[in-house]
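Take a look at the structure below.
In full-length UniProt numbering, the protein residues as written are 1 to 519.
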């Protein structure tokens, strides 16, 4: 764990290499486990203002062992930031794979996929990179192609996958204009070519009827939202499909009766505080609040309880308990997420009515601050500091719905890959919630299967955890520079100063009775 850009993903890769080196077992499987990283990073990472290679999803890697040899592995992914596909803030980029494609595809391949110069595409902000950067991306594209081959993607599947990605970019350039005859909207004349390049039939798109429930929302806005929803769902399903294929490749091939032991490594997005913080940052920071609570529970509560149980002389060490913040976010029926779900259920509700509800419900709460003036937002005092959230888009993102009449566009797609994706692989997890006091966890739905951070946390509580705390040396992304104040702030809010006290005053080495007697 650690802030965005502190080195979690790099540490995870080093830890995996270290474990594999110690195993000296099934070398092919171990190489495959290491080689899927370029694929995950290309499709799941992006440049942010805090980190040039930021993980925009959480992953939990389970390594399964038999007699100290890795027999298989499984990857679980959480909360892919699909909104990045259609919108990025200043100084940020879309997912790496889009830039790798532009740099790595030949002119003939670009023509086949209907790709023009990257400056034309709204979803990547019309920005590309220098010649030097493009050369680096070209090499990365080759790495991705090699990884796709190694994971077992057939040539046609790879073509279909890249056709979807190219289609997503073209779809982002589709705009709408009023239909003079009946007051509805239609695809603008200027973007007919983009619609064709996105491989969406004009007749089928015309059937995607926009009927606003809320009179304040225009038909054009609804159609633009539907366009963006299609792009996000298509990308999310490609990502989920890649993870499924990786798990098929890495699954253990052993007798089901054989008991396997397991090491799990959680590499999850770090705490974020940007110039503009949205719904995604709230979800990320909530996950970090939960991990901090788990850390506190394990290091402070369980450890000190063990000393008291043993009758050892012990002066209780106090720590910064973030339980009140979890209650603010997760309590039922008046936690922030409960109120968000409640507002999301009302068609007439807006982001403003949601903020008004928060302001009245949390008046006087030490961890909540209303925004000043006419700013549509609020602030949460997290364990790692105060974060101001812009509330625009909260209700829409929480609903995360795909208009019912858009489903036909997938089922009738001319790209075969989208049809099985639509039917058998639900979108990369969307947010729903289960709340039971502070034990509540963000829950994710994927079709019939429920994949959740709650299940992940339960798994972690039942295991023997080791905490790897990654510390960011400076805020400028500079190598070899240590900013004392930046480091000290992280040591404080992570509870590491109190942890050092517990380790110094307590009993950090605990041999079993057998080990002690033998020694």
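Ideal placement from N, C-alpha and C gives every residue a C-beta, glycine not left out. Note that this is a predicted model, so its numbers are computed, not measured.
Residue i burial status per 10 Å Cβ neighbour count (16 or more: buried)
| i | result |
| --- | --- |
| residue 533 | The structure shown does not extend to residue 533, since the chain spans only 1 to 519, so no value can be given for it. |
| residue 400 | buried |
| residue 153 | buried |
| residue 482 | exposed |
| residue 86 | buried |
| residue 271 | buried |
| residue 509 | exposed |
| residue 356 | exposed |
| residue 522 | An answer regarding residue 522 cannot be provided, because it is not within the stretch 1 to 519 covered by the chain. |
| residue 52 | exposed |
| residue 476 | exposed |
| residue 88 | buried |
| residue 473 | buried |
| residue 54 | buried |
| residue 479 | exposed |
| residue 14 | exposed |
| residue 305 | exposed |
| residue 514 | exposed |
| residue 209 | Its pLDDT being 49, under 50, residue 209 is placed unreliably in this model, and the value from its coordinates should be taken loosely. It counts as exposed. |
| residue 121 | buried |
| residue 8 | buried |
| residue 126 | exposed |
| residue 261 | exposed |
| residue 467 | exposed |
| residue 167 | buried |
| residue 4 | buried |
| residue 229 | buried |
Whole-Å CB distance - residue i paired with residue j, under 8 Å assumed
| i | j | result |
| --- | --- | --- |
| residue 395 | residue 351 | 6 Å |
| residue 329 | residue 336 | 5 Å |
| residue 165 | residue 101 | 6 Å |
| residue 94 | residue 124 | 5 Å |
| residue 83 | residue 186 | Between residue 186 and residue 83 the Cβ distance is about 26 Å, and since that is not below 8 Å, they are no contact. |
| residue 325 | residue 303 | The pair is not a contact, with the Cβ atoms about 22 Å apart (cut-off 8 Å). |
| residue 12 | residue 267 | 4 Å |
| residue 495 | residue 320 | 6 Å |
| residue 239 | residue 43 | 5 Å |
| residue 92 | residue 49 | 6 Å |
Residues that residue i bridges to, as DSSP identifies them
| i | result |
| --- | --- |
| residue 397 | According to DSSP, which records beta bridges pairwise, residue 397 is partnered with nothing at all. |
| residue 69 | 66 |
| residue 520 | The structure shown does not extend to residue 520, since the chain is modelled only from 1 to 519, so the question has no answer here. |
| residue 333 | Bridge partners of residue 333: none, in fact. |
| residue 55 | 45 |
| residue 461 | Partner(s): none; residue 461 has no beta bridge. |
| residue 261 | 65 |
| residue 75 | 61 |
| residue 266 | 60 |
| residue 528 | The structure shown has nothing for residue 528, since the chain only spans 1 to 519. |
| residue 385 | 382 |
| residue 473 | Its beta-bridge partners do not exist; DSSP assigns none. |
| residue 322 | Answer is none; residue 322 lacks a bridge partner. |
| residue 279 | Paired residues: none, contrary to the question. |
Distance between residue j and residue i (C-alpha atoms, nearest Å)
| i | j | result |
| --- | --- | --- |
| residue 531 | residue 130 | Nothing can be reported for residue 531: it is not among the residues displayed for the chain, which extend from 1 to 519. |
| residue 365 | residue 492 | 23 Å |
| residue 77 | residue 181 | 48 Å |
| residue 178 | residue 135 | 43 Å |
| residue 519 | residue 512 | 11 Å |
| residue 111 | residue 280 | 35 Å |
| residue 66 | residue 17 | 18 Å |
| residue 104 | residue 458 | 43 Å |
| residue 37 | residue 311 | 48 Å |
| residue 278 | residue 284 | 10 Å |
| residue 97 | residue 19 | 29 Å |
| residue 237 | residue 81 | 12 Å |
| residue 368 | residue 361 | 10 Å |
| residue 378 | residue 287 | 19 Å |
| residue 235 | residue 308 | 52 Å |
| residue 223 | residue 192 | 15 Å |
| residue 2 | residue 292 | 10 Å |
| residue 484 | residue 6 | 15 Å |
| residue 60 | residue 184 | 46 Å |
| residue 41 | residue 517 | 49 Å |
| residue 170 | residue 159 | 16 Å |
| residue 176 | residue 331 | 42 Å |
| residue 62 | residue 455 | 14 Å |
| residue 157 | residue 39 | 15 Å |
Pairs of beta-carbons, one from the region 245-255 and one from the region 63-77, closer than 8 Å: are there three or more? yes
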